[in-house]
Structures are given as C-alpha cells and as structure tokens.
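Read through the structure below, which is laid out as structure tokens, and then see the notes.
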Amino acid sequence: MSTVRTRFAPSPTGFLHLGNARAALFSWAYARHHGGKFVLRIEDTDLERSTEEAVQVILQSMDWLGLDYDEGPIRQTQRLARYREVLDAMLADGRAYLCYASREEIDTLREQQRAAGEKPRYDGRWRPEHAKDKTPPPGVKPVVRFRNPDDGEVMWHDLVKGEIRIANAELDDLVIARADMVPTYNFAVVIDDLDMAITHVVRGDDHVNNTPRQINIYKALGAAVPEFAHLPTILGPDGEKLSKRHGAVSTMQYPADGYLPEALFNYLARLGWSHGDAEKFPRDKFIEWFDLAHVSKSAAQFDGAKLLWLNREYIKEADNARLATLAKPMVEAALSHAIGENMPDLAQVVALVKDRSDTVAHLAESATLFYRHATPDAALLAQHVTDGVRPALASLAAHLKDCAWDKAAIAAVLKETLAEHKLKMPQLATAVRVLLTGQPQTPSLDAVLELFGRERVLKALASAA
Ligand code: GLU
C-alpha cells in the first residue's frame, strides 16, 4: 500500500473552532498511526475574508495542541499559477467553459425555477453547444464552470458514513473559477489534494455535499480519487448547533481559560471516536489506537463538564514548575504587580493547591492568596478570632518565633498549642487562616504557614492581639 498522506486544510476566515481542531486531530492521528505524512494547507483563496491574523491563530493552535505537520503550511495563494494551468487545459478541451451569465441573470433564472416549483440550478446556457451563436455580452467578465456529467451517479464508500450515492442530475455545472480567475474551493481542493498526493481526506461532514462534485473533477482529470472520511458534526449539550457558550469559541480561548493542551487533545479525541471505554489516555495511545472504523456515524455532543474533569486530572499529574509558568501571568494580573522577591516559590504553592483546581486559572486564583496582604473581613474576624482563641494565638506566635521552619516542626507547634489551650484544631486553624489569608479555608495549615514564611505569619498573628 502506498504511504498514507492526510492533510488539514483550514480556511483562515475566522477563528479555529473545536470542529476544525478535531478534524485536524483525526487527520493527524490517521497519518501518525500509519506512519504516513500529514500536510498543513491554508485555503486562503477567499481573498476578502482571509486574514493573516487567522493564519497565525491556526499555526498557534496546531502548535499548542502538538499537531506537528510534515509539509506546509502551504498557502493556496502561492499556487494560483498551477490552478490557472489546469483551468486552461480544461477550457481548451471543453471539460470546463466560460460562462457570461451575469449575476442578475442567474438570480432571475433561480426565481423562475423556484416559482415553477423546481430546484434552482444553473441551466447550462453557456455550455459550448448552447453558446455557439452567442456573442459574449459587453462588460461581463466570465466565470469558469465545470462541465458536470449529465447522467449516471457518483458513488463513494465513505470510511465513516458508508456508501453514498448522488445522481449527476442533482449536480449542476459548478463555478470553479471566479471572474478574476481565482479558483473556488471545490476546484482548488481537488488540484491540491491531487498534487499533494493525499490518500485520505478526513474532514467535517459539512463537506459531504461537496464530495460528489470533487469526485467528478478528479474523474475529468483522469485522476485516482482519494478515500474520504467525513466526521460527524459536533452539537451542543442541548443537541443544538454548537453555541458560543458550549465550545464554539476559538481553540486559543482554551489556554487563556486555563486548559492544558493534553486535556483538550484527549477530549477532542473522544469527540466522535472511542476505544472501548477508555476516557483518559495519552497521545501515544491515541496514535496507537486511532482508526476510522470507530468514528461514530452520529453527531458528537460537546460536554464541558467532561472536558473540565479531564483538565483537572491532567493538572493533578502536571509538573509543578510547568504549571507555575502557566499560572504566573494570571497571578500577577490578579495582583496587578509582579510576584515579589521574598515571596513564596510559585511552584511550591502550585504543589499545594493543584489538587483542588480544575483549570490553571482556578489554580492561579488559589495561588494568589499566598502573595496578597490579607485584609480579613470584619465579620469573619468576629466569627473566628474570638476571645476564646486569642490566648492560643498568642502562644502559637511565641512558639513559632523560634521553632525550626518546616512543615513537621510547625505541625508539632500547632499540636502543642492546642493541648495547652484545650482547643480543637478547627478553632485555632480557622482563626489563623482568616488572619493570614482572609479566608477560612486553605490547604493544610502547616504547609501554608511554611510557605508564607515566619515573618508574615508572625505579623498576621500579631494583628489579632
Ligand atoms: N477549507 C475547507 C474548510 O475549512 C477545507 C475543507 C476540506 O478539508 O476539504 O472547511
């Protein structure tokens, strides 16, 4: 079998949403599983709507998700001469023809067809056999149309959806180049997939309707048709089209919201594909397991809670220094200043709070406590820093002044203070937490005190007197 070659071919006309990212992931995984090649192609022939910014976001998203490509990014605008060459050859022998129908004319035709209860379609009025005696109207720049076969049908075995058949009578003569000779999507995509020797076209099922048109172009070029795999749509949790609130956002919003790339990668892998009941698995397992046979035929549903669960799991096992690097800008933004020199090491703070965080943003929020000068709320102070605990706070301060400064020594001092004052841990601990952080709940108190450092702890305890 020839080498598997797949591609991801986004149009840089907006942000790269989850549906695009999932198409990229499955295409990539198919190539990697088969030891093939993965090509990145930027489909930028829509000159008005394509932007360089969108190209950059595509590249960033691929990079963030770790979807490496073997060739590209190849931009279609770099290949205009090549499309022109094929268009000219097709025009020369009638596989394509110039159509001078103006937009108004086509609109009128459509209206008439609609009024007559027919499906609107181009009627072939500029096909060479009908155009023999016609003079091109002045001022109209022609488009190029593909001469679609009139009879028979187009059939392919979709690797996800199974056999699909469309009668040629359903397809009209497609515009393959606009008046400026810039090709349309359906034409450029065929020439590219052909020239780039793509063996498997893996893409969203919003393109199923384009496939028979593309297959006809392959045939007109005498070329072998690649395999197609159309991935199921991603719907929102309510079964509706994906909305902004549920995943229809830019892939790059996920890092900004504190998601780890391995979590989104894993989540997307399960979006319309499964391997038994495996939910959490690393990249190399996905590559090893991925096949098109287990891509589901029915729509996939976006489930934000599941993504969050995966993110929490990956945060738990992520390296503290890496999480600290990701959280640092968020902590500093919350503080409105850089983390000071004598402040606790962020990686150590991360180690303490990461088990309770489902996003890096959430983790950063918890970490921020360690860098703020707390101004506890009066009501909290009144509730927890009572006359009953005040003497214990004073002895705690006295003991902490010269004990060794590590978790074990601090834990011992806390215990000793409780025994002396016949108090229960929560009474003393909550008072200390409120004084030190402004919050009644924190991770384990001995670890928190150790990180805050002796000086800040003694200062906070002194404020209770
Ligand atoms: N540029 C098309 C899109 O973004 C690609 C379609 C394809 O993969 O053939 O939808």
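Be aware that the sequence shown starts at 14, since it is given in the numbering used here, and climbs by one per residue.
We put the beta carbon where it would ideally sit given N, CA and C, even for glycine.
This structure is a prediction, so every number in the text was calculated from the model and none was measured.
For residue i, which of helix, strand or coil comes out of DSSP?
| i | result |
| --- | --- |
| GLU108 | It should be noted that the sequence gives Arg, not Glu, for residue 108. Residue state, collapsed to three classes: coil. |
| PRO86 | strand |
| LYS50 | strand |
| HIS213 | strand |
| PRO404 | helix |
| VAL308 | strand |
| ALA242 | strand |
| LEU29 | coil |
| VAL156 | strand |
| VAL167 | strand |
| THR450 | helix |
| THR19 | strand |
| ILE352 | coil |
| LYS254 | strand |
| GLU131 | coil |
| GLY249 | coil |
| VAL203 | helix |
| VAL398 | coil |
Measure the C-alpha to C-alpha separation of residue i and residue j and round it to an integer number of angstroms.
| i | j | result |
| --- | --- | --- |
| ILE300 | LEU104 | 44 Å |
| TRP169 | THR246 | 20 Å |
| ALA422 | CYS416 | 7 Å |
| LEU111 | PRO155 | 6 Å |
| VAL68 | ALA22 | 11 Å |
| MET356 | GLN314 | 44 Å |
| VAL221 | ALA346 | 46 Å |
| LEU462 | VAL470 | 7 Å |
| GLU117 | ARG325 | 57 Å |
| ARG123 | VAL167 | 25 Å |
| ASP304 | SER457 | 46 Å |
| VAL195 | GLY152 | 19 Å |
| GLU142 | LEU284 | 50 Å |
| ALA129 | TRP139 | 22 Å |
| LEU172 | ALA340 | 42 Å |
| LEU365 | ASP358 | 11 Å |
| LEU393 | LEU321 | 31 Å |
| GLU65 | PRO225 | 31 Å |
| SER263 | LYS310 | 25 Å |
| HIS46 | LYS428 | 57 Å |
| TYR96 | ALA237 | 18 Å |
| SER349 | LEU382 | 13 Å |
| LEU281 | ASP316 | 11 Å |
Taking 8 Å as the cut-off, is the C-beta of residue i nearer than that to any heavy atom in the ligand GLU?
| i | result |
| --- | --- |
| ASN229 | no |
| ASP219 | yes |
| PRO10 | Since the first residue of the chain shown is 14 and the last is 478, residue 10 is not available in this structure. |
| ASN86 | Note on identity: in this sequence residue 86 is Pro, with Asn being the wrong assignment. Every heavy atom of the ligand GLU is 8 Å or more from the Cβ of PRO86, so no. |
| GLU98 | no |
| TYR82 | no |
| GLU56 | yes |
| ARG216 | yes |
| TYR135 | no |
| TYR384 | no |
| PHE28 | no |
| ALA22 | yes |
| TYR198 | yes |
| ALA233 | no |
| ASN33 | yes |
| ALA42 | no |
| ASN222 | no |
| ALA421 | no |
| ALA473 | no |
| ALA36 | yes |
| VAL202 | yes |
Taking 9 Å as the CB-CB cut-off, is residue i touching chain D?
| i | result |
| --- | --- |
| ALA377 | The structure shown contains no chain D; it holds only a single protein chain. |
For the 8 Å Cβ check, are there 3 or more pairs between the region 397–413 and the region 358–372?
In short, these stretches do not touch, since the Cβ pair count stays below three.
| request: Could you tell me whether the region 430–441 touches the region 388–402, where touching means 3 or more Cβ pairs closer than 8 Å? | output: Pairwise C-beta distances place the region 430–441 in contact with the region 388–402, as three or more of them are shorter than 8 Å.
Any contact between the region 43–62 and the region 86–103? By contact I mean 3 or more CB pairs, one from each, below 8 Å.
The region 43–62 vs the region 86–103: in contact.
* Is the region 378–396 touching the region 441–456 in the sense that three or more CB pairs, one from each, lie closer than 8 Å? -> Touching, yes.
Please determine if the region 171–185 and the region 70–79 are in contact, where contact requires at least 3 C-beta pairs separated by less than 8 Å.
No: fewer than three Cβ pairs fall under 8 Å.
Checklist entry - If we count Cβ pairs, one from each stretch, closer than 8 Å, do we get three or more for the region 185–195 versus the region 144–160? => result Taking one beta carbon from each stretch, the region 185–195 and the region 144–160 have 3 or more pairs nearer than 8 Å; the two touch.
Quick one: any contact between the region 264–281 and the region 199–213, if contact means 3 or more CB pairs under 8 Å?
-> No, they do not touch.
Any 3 or more C-beta pairs closer than 8 Å across the region 375–383 and the region 334–351
Yes, the region 375–383 is in contact with the region 334–351.
Exercise. Does the pairing of the region 423–431 with the region 327–337 give three or more beta-carbon distances under 8 Å?
Worked result: Segments in contact, no.
- Message: Does the region 226–234 come into contact with the region 289–298, if we say contact requires no fewer than three beta-carbon pairs (one atom in each stretch) closer than 8 Å?
- Response: The answer is no - the region 289–298 does not touch the region 226–234, with fewer than three Cβ pairs under 8 Å.
| message | Within 8 Å, do at least three Cβ pairs link the region 32–44 to the region 74–81? | response | Counting Cβ pairs under 8 Å, three or more are found: they touch.
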